[in-house]
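For the sequence shown, the positions run 9 to 376 when my numbering is used. Below is one structure; the comments refer to it alone.
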Amino acid sequence: MASQTNHQLGQPGSSDSNEISNVHAPIDSQQDATPNRGKSSVPAEVDGLPKTIKRTPLMAKRLSQLIKKFKAPLLVPARPLATPVLQYDRSPGSEDNFRSSDEFDLPEGCNATGWKDLHVSGSASIASIEQVSRLNPSPESPVIVLDVREESHAIVGGFPGTWRVPNNWANVGKSREEVLADERDRIHALKGEETVQILHRKDVKNEVDNPRSVTLSRPQIFSEEEVVRAAGAKYVRLMVSDHLGPRAEDVDAFIEMERGMAAHEKLHVHCGVGQGRTGIFIAMHDMLRNSSRVSFEDIINRQLAFNPGRALDFHKNIAHEERSDFRNDRLEFISLFYEYSKANSNGQPLLWSEWLDLHSPEGTDNER
């Protein structure tokens, strides 16, 4: 099973940027995919995505390279040495980037095949029972809340609190057990404090001299799992680093979760802000359900229309960003996951790691 190895941020990655565009379209010809028959009225930033094309020897080689790359240990950044500081993303009750496929009509030009059967929603971090209750969970209409945050977090006096360091990488490289232990210890220690101060995330990020803060006296403190279960929903936690693609063990866990879902069961995905990791996993949910009949570019088109942010934007120029290597990895991952999904509809019969093992090429130069 693939794992992650440390990589010092700022060193050049080994991904070949000249070859990345070869995997932004499906690797195989999509004979059975439903084409986009609507008028070309997709958002400007996704207009012009490559159309479905036939497989070529070059693309077959690229597919083999990507399979070998994601079977190997993935690169991760060095964990910052700074002490994690409790910060809040937004005030209680404020906008949280909520959207639901059940309530969202795709723009004209987007392929709607299978869309209304997804029953998926997304948002920023969960901080209240009300955020979960709006999904109307019940025994007859079950809801899974998928928390894809690796960073330690809690609900503190109604505020979504996160222990942050630069790039939100306080737990990067840690095992699942280490992350859960860190979060439990921090929540336990916080409950023993008479007063709790939380700093505003954006002010800390922008190094404001006097960042906005909130000081709470003996606030109620809960783990997210406690809040989600109190609202009557199921809770699933994956450890996905901010700005990075998911590890193989988390992809496998996601697929296992999908296999166990009832057809009518709702899935709610969230990360911190509700854009990057949330958008990636909503797209993965769509691919598992629909890649056999919807082309790669049509899924990306409609996911860009549905999700805020540009985590799935293959045209965004990120060469100047210090995290560009990791973002390229994430785009390569979602391209390869589409190929996995075509061969394993609804995550059957193989898990992600099993599929990588089965198709791992021999004798291909390792790009890492």
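Cβ coordinates follow ideal geometry from the N, Cα and C atoms, glycine included. Nothing here was measured: the structure is a model prediction, and the numbers come from that model.
**Item:** Outcome for Gly117 when other beta-carbon atoms lying within 10 angstroms are tallied against a minimum of 16
**Value:** buried
**Message:** Please state whether the Cβ-Cβ distance between Glu362 and Leu74 is less than 8 Å.
**Reply:** no
**Prompt:** So, using beta-carbon positions, are Ala319 and Gln283 closer together than 8 Å?
**Reply:** yes
**Asked** Per DSSP, Lys274 forms a beta bridge with which residues?
**Response** Val151, per the DSSP bridge assignment.
**Asked** Under the three-state reduction of DSSP, which class applies to Lys210: helix, strand or coil?
**Response** helix
**Message:** Check whether the region 232 to 240 and the region 267 to 274 are in contact - that is, three or more C-beta pairs closer than 8 Å.
**Reply:** no
**Message:** In whole angstroms, give me the CA-to-CA distance for Asp321 and Leu312.
**Reply:** 7 Å
**Prompt:** So, helix, strand or coil for Thr203, using DSSP?
**Reply:** Residue state, collapsed to three classes: strand.
**Message:** List, from N- to C-terminal side, the beta strand (DSSP E) runs of 3 residues or more that fit wholly inside the region 303 to 352.
**Reply:** none
**Asked** Would you report the Cα separation of Glu347 and Pro88, rounded to the nearest angstrom?
**Response** Computed Cα separation, rounded: 35 Å.
**Item:** Residue(s) in a DSSP beta bridge with Lys242
**Value:** Ile152
**Prompt:** Smallest Cα separation from Ile288: which of Asp258, Asp97, Asp110 and Asp211?
**Reply:** Asp258
**Message:** Here's a check: name, in chain order, each residue in its chain whose Cβ is nearer than 6 Å to the Cβ of Phe106, leaving out the five neighbours to either side.
**Reply:** Within the same chain, Phe106 has close Cβ partners Ser131.
**Item:** Sequence ranges, beta strand (DSSP E) only - wholly within the region 122 to 179, length at least 3
**Value:** Within the region 122 to 179, the runs of beta strand (DSSP E) that reach at least 3 residues and sit entirely inside it are, in chain order, 128 to 131, 151 to 157, 161 to 164 and 167 to 172.
**Prompt:** Helix, strand or coil for Val222 per DSSP?
**Reply:** strand
**Message:** Could you pull the DSSP bridge partners for Phe230 from this structure?
**Reply:** Ile163
**Request:** Would you decide whether Val248 is buried or exposed? Buried here means 16 or more other CB atoms lie within 10 Å of its CB.
**Result:** buried
**Request:** Below 8 Å on the Cβ atoms is my guess for Arg194 versus Tyr96; work out the distance and round it to an integer in Å.
**Result:** No, Arg194 and Tyr96 are not in contact; Cβ-Cβ is about 15 Å, not under 8 Å.
**Prompt:** CA-CA distance, Leu364 and Ala351?
**Reply:** 12 Å
**Message:** With a threshold of 8 Å on Cβ separation, who are the neighbours of Gln356 within its own chain once the five nearest residues in sequence on each side are excluded?
**Reply:** Arg267
**Message:** Quick check on Asp113: buried or exposed, where buried means 16 or more other Cβ atoms within 10 Å of its Cβ?
**Reply:** exposed
**Item:** Identity of the residues DSSP links to Val93 by a beta bridge
**Value:** By DSSP's assignment, Val93 forms a beta bridge with Arg172.
**Prompt:** Thinking just about the alpha-carbon of each residue, which of Ile137, His367, Trp360 and Arg310 is nearest to the one in Lys124?
**Reply:** Arg310
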